[in-house]
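Have a look at the structure below before the remarks.
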Amino acid sequence: MAIDAVYTELITEHSRDKRNRRHVEGATHSRRGVNPSCGDELTLEMRVREGIIEDAAFTGSGCAISQASASMMADLLRGRSVAEADRLTEKFLGMIKGEITEEAEFAELDEAAALQGVSKMPARVKCAVLPWHTYISAIEERESDSKQ
Amino acid sequence: MSIDGIHEKFPALRQTVNGRRLVYLDSAATSMRPREVLDAIGGFYSRDGANPHRGLYDMAQRSTEVYDGARAAMAGFIGADAEEMVFTRNASESLNIIAYCLAPELLKNGGNIVIPISEHHSNLVPWQVFAKRYGAELRYMYVDRETGELPDAELLKIDGETKIVAFAHVSNVLGNLLPAETLVSAAKDVGALTVLDAAQSVPHFKLDMRALGVDFAAFSGHKMYGPMGIGALYGRRKLLETMPPFLFGGDMIEDVREQETDFLPPPSRFEAGTQNAGGAVGIAAAAAFIEKIGFDAIEKREKALLRRLVAGLNSLKNVTVIGNRDENAERYGVVPFNIRGVHPHDAATILNEYGIAVRAGKHCAHPLLTYLGAEFNACCRASLGVYNTEEDVDKLLEAIPEVRRRMNLGD
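Top line first, the protein sequences correspond to chains A and B.
So the mapping is simple: the working numbering equals the position in the first sequence, first residue as 1, plus 8.
So the mapping is simple: the working numbering equals the position in the second sequence, first residue as 1, plus 1.
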């Protein structure tokens with residue numbers, strides 16, 4: 009069954025994991041993301057200093073896929089430079105859209121690569137990409153603020 | 002026409018999903034259409050299909066007769082006169098027309114609009130927007146979380162300043178019936194107008210606008226075995242006559258001069274431009290289909306299935322029926338429930354693997370789901386139509402325990 013590839017132990021565990029579900033101390037970025045059609049919502053918080061994402065976590069509620077995706081993203085992006093995080097985010101979105109299919113290509117996404125199965129479930133793609141789009145908006149929002 | 006085996010008349014139900022027979026339990030979102038309805042629509046376009054109310058040739062005359070006939074049939078179906086039956090796109094559009102056309106006059110000096118917290122966005126957002134625009138107050142009557150019923154004290158929110166009382170006949174989430182008679186009488190006492198959202202009641206029991214005494218009502222064709230894109234607005238004749246047009250265009254005009262226009266009386270006044278005549282034929286065919294089965298048979302079948310479904314859900318571990326859990330409580334069409342620890346969207350995805358179609362989420366009733374405080378502020382909803390069988394209900398009940406297992410939550 010297609011869903012066996014999605015509701016794996018890794019993903020269901022991440023979806024219930026509390027480690028990344030919290031506020032970030034001294035957050036420099038905070039951005040809310042919502043999927044209006046299904047009600048998934050999360051607020052991503054990050055502390056970015058000198059181009060490095062020192063911490064990332066989220067609050068909110070939604071389906072297992074959106075919550076697991078957010079938790080895996082927080083693990084993946086923490087400690088990386090914004091430039092690196094941007095590149096990984098693009099890769100993740102490419103994987104979910106089915107544009108990147110080579111396993112070797114998305115291995116560097118670490119646990120988030122486990123969400124590849126969602127690319128075969130069109131109804132759930134928006135759940136998997138919500139945290140990552142929220143990340144992009146959070147970075148863009150701050151960039152446009154600092155330019156003003 | 003017997004209700005037994007009626008599902009065989011629905012071509013869309015004859016399909017497999019993930020290798021299993023489709024078990025369609027989402028009729029409250031949209032119901033499937035029987036062969037009769039599909040043939041009626043196809044027949045109209047292959048035989049008549051000219052623009053009604055315009056041409057003088059035979060084909061146009063036939064189209065006019067068919068379209069006007071559909072209106073008369075729908076009026077009869079809900080106990081109204083043809084002049085009180087306006088065709089729209091759907092219940093949402095009907096409710097918007099009422100709000101757009103009434104609010105400027107009714108709310109010009111403020112006042113309040115009263116609605117139950119259990120309303121669908123279609124019967125909530127238009128009132129919220131217009132209340133804000135005209136400085137009126139939008140008041141909520143809070144239903145009992147356990148039963149969905151309106152406590153008497155909540156009715157007191159209808160007061161001397163109330164201009165509009167709008168409510169769903171049957172809640173699209175909780176499935177309970179709201180007391181139309183009580184609400185209409187409370188509204189009448191203070192001179193407020195009543196608006197009934199009948200989208201979830203029209204497929205399940207006989208509606209009679211005269212007996213209900215409401216001023217306006219709205220419903221959709223696609224929830225009563227008709228096509229999408231056709232709906233109905235009922236308005237008491239005297240009120241429709243005082244309302245300004247909603248849209249301007251062809252076929253709603255009596256006369257146009259360079260600087261002035263006279264509009265046709267209702268219902269034409271509210272039907273600008275070429276209408277969805279095929280849809281009108283379809284909704285009338287759907288009403289005829291319902292009448293051929295008979296509401297007695299429909300109610301009897303649906304009540305038995307709802308009882309079986311609620312009792313079955315109550316017997317399952319880690320499953321909670323939302324709202325009224327009593328299997329014998331009066332309810333129509335829908336049963337909301339949650340599977341502990343599983344977000345409804347994940348539940349729906351997993352049920353789809355078993356060929357089962359249920360709705361999951363907030364059901365276009367965000368304020369209600371927030372108010373109910375269900376896990377994840379969302380729920381699954383199984384809803385029934387005439388074609389559902391005991392086997393459909395049992396398939397759902399058998400598949401639900403699989404959901405937690407597949408989410409690696411144990412039983």
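Every residue gets a Cβ at the ideal spot worked out from N, C-alpha and C, and that includes glycine.
Taking its Cβ as the centre, do 16 or more other Cβ atoms sit within 10 Å of residue i, making it buried, or is it exposed?
{"i": "Ala219(B)", "result": "buried"}
{"i": "Lys363(B)", "result": "buried"}
{"i": "Gln124(A)", "result": "buried"}
{"i": "Leu52(A)", "result": "buried"}
{"i": "Gly366(B)", "result": "In the sequence as presented, Gly is not what sits at residue 366(B); that position holds Ala. Classification of Ala366(B): buried, given that the 10 Å Cβ count is 16 or more."}
{"i": "Lys1(B)", "result": "An answer regarding residue 1(B) cannot be provided, because it is not within the stretch 2 to 412 covered by chain B."}
{"i": "Asn389(B)", "result": "buried"}
{"i": "Leu248(B)", "result": "exposed"}
{"i": "Glu94(B)", "result": "buried"}
{"i": "Asp198(B)", "result": "buried"}
{"i": "Leu57(B)", "result": "exposed"}
{"i": "Gly41(A)", "result": "buried"}
{"i": "Ser221(B)", "result": "buried"}
{"i": "Pro245(B)", "result": "exposed"}
{"i": "His37(A)", "result": "buried"}
Taking C-beta pairs closer than 9 Å, name the residues in chain B that residue i reaches, listed in chain order.
{"i": "Tyr143(A)", "result": "Under the 9 Å cutoff, chain B gives no residues; its nearest Cβ is about 21 Å from Tyr143(A)."}
{"i": "Glu53(A)", "result": "The contacting residues do not exist; Glu53(A) stays about 21 Å from chain B at best."}
Measuring CA to CA, which of the options is closest to residue i?
{"i": "Phe338(B)", "options": "Leu397(B), Leu241(B), Lys239(B) and Phe131(B)", "result": "Leu397(B)"}
{"i": "Glu272(B)", "options": "Ser119(B), Tyr143(B) and Glu255(B)", "result": "Glu255(B)"}
{"i": "Glu162(B)", "options": "Leu139(B), Leu184(B) and Glu182(B)", "result": "Leu139(B)"}
{"i": "Arg146(B)", "options": "Leu175(B), His344(B), Leu14(B) and Gly295(B)", "result": "Leu175(B)"}
{"i": "Asp27(B)", "options": "Asn173(B), Asn110(B), Phe88(B) and Leu370(B)", "result": "Asn173(B)"}
{"i": "Leu157(B)", "options": "Met253(B), Ala137(B), Ser186(B) and Gly227(B)", "result": "Ser186(B)"}
{"i": "Ser269(B)", "options": "Ala83(B), His122(B) and Ala137(B)", "result": "Ala83(B)"}
{"i": "Arg382(B)", "options": "Glu391(B), Asp412(B), Tyr333(B) and Glu392(B)", "result": "Tyr333(B)"}
{"i": "Gly283(B)", "options": "Asp59(B), Gly70(B) and Glu9(B)", "result": "Gly70(B)"}
{"i": "Ala233(B)", "options": "Met86(B), Gly280(B) and Glu391(B)", "result": "Met86(B)"}
{"i": "Tyr141(B)", "options": "Leu352(B), Ala361(B) and Ala154(B)", "result": "Ala154(B)"}
{"i": "Asn329(B)", "options": "Thr350(B), Gly192(B), Leu306(B) and Ile351(B)", "result": "Leu306(B)"}
{"i": "Gly411(B)", "options": "Val343(B), Ala358(B), Ala167(B) and Pro105(B)", "result": "Val343(B)"}
{"i": "Ile340(B)", "options": "Leu314(B), Asn353(B) and Glu331(B)", "result": "Leu314(B)"}
{"i": "Leu125(B)", "options": "Ala74(B), Ile79(B), Leu179(B) and Pro368(B)", "result": "Pro368(B)"}
{"i": "Ile61(A)", "options": "Glu98(A), Glu111(A), Lys99(A) and Glu33(A)", "result": "Glu33(A)"}
{"i": "Asp94(A)", "options": "Ile144(A), Ser74(A), Ala136(A) and Thr36(A)", "result": "Ile144(A)"}
{"i": "Ile323(B)", "options": "Ile294(B), Asp40(B), Phe377(B) and Lys304(B)", "result": "Phe377(B)"}
{"i": "Ser45(A)", "options": "Arg360(B), Val387(B), Ile401(B) and Met253(B)", "result": "Arg360(B)"}
{"i": "Gly134(A)", "options": "Ala72(A), His22(A) and Glu148(A)", "result": "Here the sequence assigns Lys to residue 134(A), which means Gly is not the residue at that position. Residue Ala72(A) is the option with its Cα nearest to Lys134(A)."}
{"i": "Trp140(A)", "options": "Met129(A), Glu151(A), Asp83(A) and Glu58(A)", "result": "Asp83(A)"}
{"i": "Pro228(B)", "options": "Asp347(B), Asn91(B), Gly250(B) and Gly77(B)", "result": "Asn91(B)"}
{"i": "Glu9(B)", "options": "Arg406(B), Pro35(B) and Thr17(B)", "result": "Pro35(B)"}
{"i": "Ile99(B)", "options": "Val196(B), Val311(B) and Leu178(B)", "result": "Val196(B)"}
{"i": "Ile291(B)", "options": "Ile231(B), Ser32(B), Val18(B) and Leu194(B)", "result": "Ser32(B)"}
Just how far apart, CA to CA, sit residue i and residue j?
{"i": "Ile299(B)", "j": "Phe206(B)", "result": "8 Å"}
{"i": "Leu385(B)", "j": "Phe11(B)", "result": "14 Å"}
{"i": "Ala287(B)", "j": "Glu37(B)", "result": "8 Å"}
{"i": "Val394(B)", "j": "Arg302(B)", "result": "12 Å"}
{"i": "Asp48(A)", "j": "Thr65(B)", "result": "48 Å"}
{"i": "Asp209(B)", "j": "Val215(B)", "result": "10 Å"}
{"i": "Leu107(B)", "j": "Asn409(B)", "result": "55 Å"}
{"i": "Trp128(B)", "j": "Ala91(A)", "result": "47 Å"}
{"i": "Glu403(B)", "j": "Ala375(B)", "result": "21 Å"}
{"i": "Leu117(A)", "j": "Ala13(B)", "result": "41 Å"}
{"i": "Gly236(B)", "j": "Val67(B)", "result": "22 Å"}
{"i": "Ala61(B)", "j": "Ser123(B)", "result": "35 Å"}
{"i": "Leu138(A)", "j": "Ser202(B)", "result": "36 Å"}
{"i": "Leu184(B)", "j": "Val166(B)", "result": "8 Å"}
{"i": "Asp5(B)", "j": "Val387(B)", "result": "9 Å"}
{"i": "Arg57(A)", "j": "Gly106(A)", "result": "33 Å"}
{"i": "Asp160(B)", "j": "Leu103(B)", "result": "19 Å"}
Could you name the residues of chain A that residue i contacts, counting a contact when the two beta carbons are closer than 7 Å?
{"i": "Asp229(B)", "result": "The sequence given here places Met at residue 229(B); Asp does not occur at that position. Result: empty, since nearest Cβ-Cβ is about 18 Å, beyond 7 Å."}
At 8 Å on the CB atoms, spell out the chain B contacts of residue i, in chain order.
{"i": "Thr109(A)", "result": "Correct list: empty, because the minimum Cβ distance to chain B is about 22 Å."}
{"i": "Thr20(A)", "result": "Met408, Asn409 and Leu410"}
Taking Cβ-Cβ distances shorter than 7 Å, what residues in chain B pair up with residue i?
{"i": "Glu17(A)", "result": "Asn409"}
{"i": "Gly70(A)", "result": "His344"}
{"i": "Thr36(A)", "result": "Result: empty, since nearest Cβ-Cβ is about 29 Å, beyond 7 Å."}
Taking Cβ-Cβ distances shorter than 8 Å, what residues in chain A pair up with residue i?
{"i": "Asn378(B)", "result": "Gly47 and Ser69"}
{"i": "Ile351(B)", "result": "Ile11 and Tyr15"}
{"i": "Asp347(B)", "result": "Tyr15, Cys71, Ala72 and Ile73"}
Near-chain B residues of the region 112-140 of chain A - C-beta to any C-beta below 9 Å | From the region 112-140 of chain A, only Met129, Ala131, Arg132 and Cys135 have a Cβ closer than 9 Å to chain B.
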